Amino acid sequence: KVNLRLALSRLKLQATKKRANLKPQRREIAKMLDDAKEVTARALTEQLIREERSLLAYDQLEIFCEQLLARLEAISREKGMPKDLVVCLCSVVFAAPRVDVEELKKVAANLELRYGTLWADGCHSNLHGQVHEKIFDNLGVGRIKGSVVDAEMTKIAKEFEIEWSPLVPTPDEQELNATIMAAQRLS
Numbered sequence: 011k012v013n014l015r016l017a018l019s020r021l022k023l024q025a026t027k028k029r030a031n032l033k034p035q036r037r038e039i040a041k042m043l044d045d046a047k048e049v050t051a052r053a054l055t056e057q058l059i060r061e062e063r064s065l066l067a068y069d070q071l072e073i074f075c076e077q078l079l080a081r082l083e084a085i086s087r088e089k090g091m092p093k094d095l096v097v098c099l100c101s102v103v104f105a106a107p108r109v110d111v112e113e114l115k116k117v118a119a120n121l122e123l124r125y126g127t128l129w130a131d132g133c134h135s136n137l138h139g140q141v142h143e144k145i146f147d148n149l150g151v152g153r154i155k156g157s158v159v160d161a162e163m164t165k166i167a168k169e170f171e172i173e174w175s176p177l178v179p180t181p182d183e184q185e186l187n188a189t190i191m192a193a194q195r196l197s
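So for the sequence shown, my numbering puts the first residue at 11; every next one is plus one.
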């Protein structure tokens, strides 16, 4: 119970810090675009998008922690896992190693002790598809599409009134160009 309350407080604190850093990050990207340092701006924009996505996951995790706090006594009385909390519990275990909140890792470890290592391993990889979509999508490490990065960079350029349009082909365009060149070599 204590770790769950601490995890909730820490999640809120971390989210507040991340939100406070977004504006300076956007300003830095705008400066890079203005200085024609597009490759660096692209890398910073990808990081910004990941931060924004992680905030969505943090918001959902806060809801789940509050839900667990409210149902903690019922959870401790039941032998099995409450069916209405499966997504919540799986999501907490999935997210714990992906966020910088030690107390959430302790909560996940306690859940692993209660429900078993096999169950926890399934949660870590979302084997059974029980992790909440918002948490799975926003804490994943998949590549961000070039078109998404370009759209965000364009938005930042407009926000800071900078003349900019993509000069460097996006990774998607690079891959397409490579495919076209390979096909031309074969013919």
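Cβ atoms here follow ideal geometry from the backbone N, Cα and C, with glycine treated the same way. This one's a predicted model, so the numbers in the text were calculated from it and none came from an experiment.
Which runs of the alpha helix (DSSP H) fall wholly inside the stretch 115-184 and span at least 4 residues, in chain order? If we require 4 residues or more, the alpha helix (DSSP H) runs fully inside the stretch 115-184 come out as 127-134, 143-148, 156-169.
Quick one: grab the DSSP three-state call for P34. If DSSP states are grouped into helix, strand and coil, P34 belongs with the helices.
Using DSSP with H/G/I as helix, E/B as strand and the rest coil, what is V97? Secondary structure of V97 (DSSP, three-state): helix.
Which whole-angstrom value is the C-beta distance of M163 and A46, which I expect to be below 8 angstroms? Not really, about 13 angstroms apart at Cβ, beyond 8 angstroms.
Classification of A17 by the beta-carbon crowding that lies within 10 angstroms, buried from 16 upward: Counting C-beta atoms within 10 angstroms of its own C-beta, A17 has 16 or more neighbours from the protein chains shown and is therefore classed as buried.
Whole angstroms is fine: what's the gap from L121's alpha carbon to D131's? Rounded to the nearest angstrom, the gap between the Cα atoms of L121 and D131 is 12 angstroms.
CB of A67 within 8 angstroms of CB of I154, strictly: For the 8 angstroms CB-CB criterion, A67 and I154 do not form a contact.
For A167, which residues in the same chain have their Cβ closer than 6 angstroms to its Cβ, ignoring the five residues on either side in sequence? Leaving aside the five residues that flank A167 on each side, the residues in its chain whose CB is nearer than 6 angstroms to its CB run, in chain order, L43, W174.
Exposure of V49, with buried meaning 16 or more beta-carbon neighbours within 10 Å: Here V49 is exposed. Its C-beta has fewer than 16 other C-beta atoms within 10 Å.
Run the CB neighbour count on S157, radius 10 Å, all protein chains shown included, and call it buried at 16 or more, exposed below. Exposed, because fewer than 16 other Cβ atoms sit within 10 Å of the Cβ of S157.
Return the Cβ separation of F104 and N136 in integer angstroms, given the expectation that the two are a contact with Cβ distance under 8 angstroms. Contact flag correct, Cβ pair sits at about 6 angstroms.
Whole angstroms is fine: what's the gap from P107's alpha carbon to M191's? Between the alpha carbons of P107 and M191 lies a gap of roughly 41 angstroms.
Cβ contact (3+ pairs, closer than 8 angstroms) linking the stretch 26-39 and the stretch 51-60: Yes, the stretch 26-39 touches the stretch 51-60.
If you draw a straight line from the alpha carbon of W129 to that of A84, how long is it in whole angstroms? Near 20 angstroms, if we compare the C-alpha coordinates of A84 and W129.
Looking at the structure shown, is M191 part of a helix, part of a strand, or coil, going by DSSP? If DSSP states are grouped into helix, strand and coil, M191 belongs with the helices.
Shortest alpha-carbon distance to E169 belongs to which of K11, P34, K22, K28? Nearest option by C-alpha distance: P34.
Under a three-way DSSP split, which group does V103 fall into? Here V103 sits in helix by DSSP.
Nearest to L95 (by Cα), restricted to the options E113, D110, E76: The alpha carbon of L95 has as its nearest neighbour, out of E113, D110, E76, the alpha carbon of E76.
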